[in-house]
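So the structure is just underneath, and the comments pick up after that.
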Amino acid sequence: MKVKMNCEEAQELLDAYSLGALEKSEARRVEKHLSRCPSCRPLHEQAVETTALLALAAPLRRASPALRLRLRQRVMPRPALRWFLAPRPSWALAAAALAIISLGALTWGGLLQTQVNNLKADSDRYAVLYDELQRRGDTVDVLQKALTEAAFRQEDIQNALQEQGQAMRVVALSGGGSEDLVGTAPASPASGRYLWSDEEKLGVLFLINLPQLSENGVYQLWLLREGGTPVSGGTFTPQADGSARLMVRTSDLGGTVTGMAITVEPAGGSETPTGEIVLQGLR
Amino acid sequence: MAQLCRQDVDAFEALYGRYGNVVYSLSLRILGDVQAAEDVVQDVFLRVWRKPDHYDTARGRLLTWLLSVARNRAIDEQRSRGRRQRFEVGSSPLDGEGPQGDEADDPALAALLTDERSAVRRALVGLPPEQRSAIELAYYGGLTQQEIARALDEPLGTVKTRIRLGMQKMRGALADMRPRHEGEDELRGSSGTAGRL
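These protein sequences, in sequence, are chains Z and Y.
The opening residue of the first sequence carries number 1 in this note's numbering; numbering runs sequentially from there.
The opening residue of the second sequence carries number 1001 in this note's numbering; numbering runs sequentially from there.
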């Protein structure tokens, strides 16, 4: 049962988290851990950097020039302002305009002036509205962030309670059965028991007297399937007193489990067993 | 970025000139649709324009941030359309030899981020095919580990391990280029725009 995600669990999930490949509830647990763990944050940033670089493997394509034009139009100053910023007309044009005016189009000039004044007033009003909208947008961002945080917290607690309930049901019912494990020569004092529930599709492994490992090693549980390759049940490191607990989702294993063993593997675990067996099932 | 914060249109155009095609290529790779990819590019760059302060210089390079934003936006779009690109093993963008996309007939485009692109492609090609495939399904296909396990008919634990080990190897292979690229100076696009954002 995992009430709080520890650094080891979080670091094991950082790459999948950066790829967006975790299920929502798991991703939120990682996010929650990162929000309170300064030592995992740099590792997360490295994972994000590596993930982002994957983009550079995509074949390079040229975006259409129309896209550049569309963007330019969107970021240019507003039309009303552009009107005032536009270069003044040449003297020749001004003279022509004057000639037209002198022919009796004085009223037209007055109308134009009114329109210019209206445009200027509109422009000022829009600028105020624009600033106001931007300010409100920022407030909404802050509120949205606070609400999301609260929702994450609530979900964390619900997840923890759910996991606790599942583990208790596995221990109380163990409808699938149990299997004892004993340590081999490198870890002979170690022993443990694996209980599982077919109904819950969950297993819980309890171990005691495990020797401590170096920083670069982890214990990895292997579940053996009939006629198949061993499947990882997860990695773990013992507590200071040599005990450990690991939950296994048996629905992820794909096939009937016929036995189990525990090996010592490099940090992060291995795809297939590479280390010596230190505990094995008694089945 | 300071220029963008002052709403400097020239700075914005320089930024687009430098990274526009890279962001577009990624979006097109994910969505497979020119119009949708252009919409994503437009959204990403307008977001930078409107909220340049959302980019935190302390948290990595501008290019990395732009690509992350674009990738998230493209995957969201892909999900909202209910489309999942079938990303089968063997259809990887890395298969085949020589330049791909529009690079072959556009030297300026081909010169864009040449070293970085080569390093990333080398690192991906160097992975065992099953690790590469799992990573590509997650990154370009937007699939979760569980969805990948179902798609490949493999146990979830195996998929998790493949992704973790594959990404560890990628990080190791790309670690050497990180110090050289801490600055954005050499990330000059086909527009030939110099300077730093």
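Cβ coordinates follow ideal geometry from the N, Cα and C atoms, glycine included.
Self-check item: Extent of the continuous beta strand (DSSP E) to which PRO266 (chain Z) belongs
Solution: 257 to 266
Just checking my contact of ARG1164 (chain Y) with GLU12 (chain Z) at CB under 8 angstroms: how many whole Å lie between their CB atoms? 7 angstroms
- Below 7 angstroms between beta carbons: does that hold for GLY234 (chain Z) and LEU210 (chain Z)? no
So, at 6 angstroms on beta carbons, what are the nonlocal neighbours of ALA207 (chain Z) in its own chain, with the 5 sequence-adjacent residues on each side left out? First, the residue type needs correcting, since residue 207 (chain Z) is Leu and not Ala in the sequence shown. Taken in chain order, the residues that qualify are GLY192 and ALA244.
Exercise. If we count the other Cβ atoms within 10 Å of its Cβ and call it buried at 16 or more, is LYS145 (chain Z) buried or exposed?
Worked result: exposed
task: Enumerate in chain order the residues of its own chain whose CB-to-CB distance from ALA27 (chain Z) is below 7 angstroms, with the five nearest sequence positions on each side excluded.
output: TYR17
By Cβ distance below 6 angstroms, which residues in the same chain neighbour GLU155 (chain Z) in space, the five residues on each side in sequence not counted?
-> ARG28
Considering only the alpha carbon of each residue, which of Z:GLU31, Z:ALA127 and Z:VAL278 lies closest to ALA190 (chain Z)?
Z:VAL278
ask   = GLY217 (chain Z) by DSSP, collapsed to three states: which one?
value = strand
**Prompt:** Is any beta-carbon of chain Y found at less than 7 angstroms from that of LEU71 (chain Z)?
**Reply:** yes
- prompt: How many angstroms separate the CA atom of VAL140 (chain Z) from the CA atom of LEU133 (chain Z)?
  reply: 10 angstroms
Cβ neighbour criterion (16 or more within 10 Å) applied to SER232 (chain Z): buried
Please look up how many angstroms separate the CB atoms of LEU1026 (chain Y) and ALA55 (chain Z), rounded, as I've assumed it's under 8 angstroms.
4 angstroms
>> Let me confirm a value: VAL1040 (chain Y) is counted as buried when at least 16 other C-beta atoms fall within 10 Å, else exposed. Which label applies?
In response: buried
Practice problem: Starting from GLU179 (chain Z), trace the beta strand (DSSP E) both ways and give me its first and last residue. | Solution: 177 to 183
- [ ] Put GLY225 (chain Z) into one of helix, strand or coil per three-state DSSP.
- [x] Checking the sequence, you will find Arg at residue 225 (chain Z) rather than Gly. Three-state DSSP puts ARG225 (chain Z) in a strand.
> GLN1078 (chain Y) by DSSP, collapsed to three states: which one?
Replying inline: helix
### Task
Starting from ALA190 (chain Z), trace the alpha helix (DSSP H) both ways and give me its first and last residue.
Premise fails: ALA190 (chain Z) is in no alpha helix (DSSP H) and is neither H nor E.
Output, in chain order, the set of chain Y residues within a Cβ distance shorter than 9 angstroms of MET76 (chain Z).
VAL1009
Residues bridged to ALA244 (chain Z) (per DSSP):
Z:LEU207
(message) Please report the distance separating the alpha-carbon of GLY1157 (chain Y) from that of VAL1120 (chain Y).
(response) 26 angstroms
Worksheet item: If you measure from the beta carbon of PRO1129 (chain Y) to each beta carbon in chain Z, is any gap under 7 angstroms?
Response: no
- Query: chain Y beta carbons: is any one of them nearer than 7 angstroms to that of VAL257 (chain Z)?
  - Reply: no
Host alpha helix (DSSP H) of SER35 (chain Z) (start-end): 24 to 36
Can you tell me whether THR1144 (chain Y) is buried or exposed, with buried defined as 16 or more other CB within 10 angstroms of its CB?
buried
For GLN280 (chain Z), which three-state DSSP category applies? strand
Original post:
Under three-state DSSP, which class holds TYR1055 (chain Y)?
Top reply: coil
Same chain, Cβ closer than 8 angstroms to SER251 (chain Z), neighbours up to 5 away in sequence not counted = LYS201
(message) Between PRO273 (chain Z) and TRP222 (chain Z), how many whole angstroms is the CB-CB distance? I'm expecting something under 8 angstroms.
(response) 6 angstroms
**Q.** Beta-carbon spacing of GLN1131 (chain Y), GLY1166 (chain Y) below 7 angstroms
**A.** yes
message = Please confirm whether ASP15 (chain Z) has its beta-carbon closer than 7 angstroms to some beta-carbon of chain Y.
response = yes
HIS1021 (chain Y), buried or exposed, once every other Cβ within 10 Å from all chains shown has been counted against 16
With the sequence shown as reference, residue 1021 (chain Y) is identified as Asn, and His is not the correct amino acid for it. By the neighbour-count rule (16 or more Cβ atoms within 10 Å), ASN1021 (chain Y) is buried.
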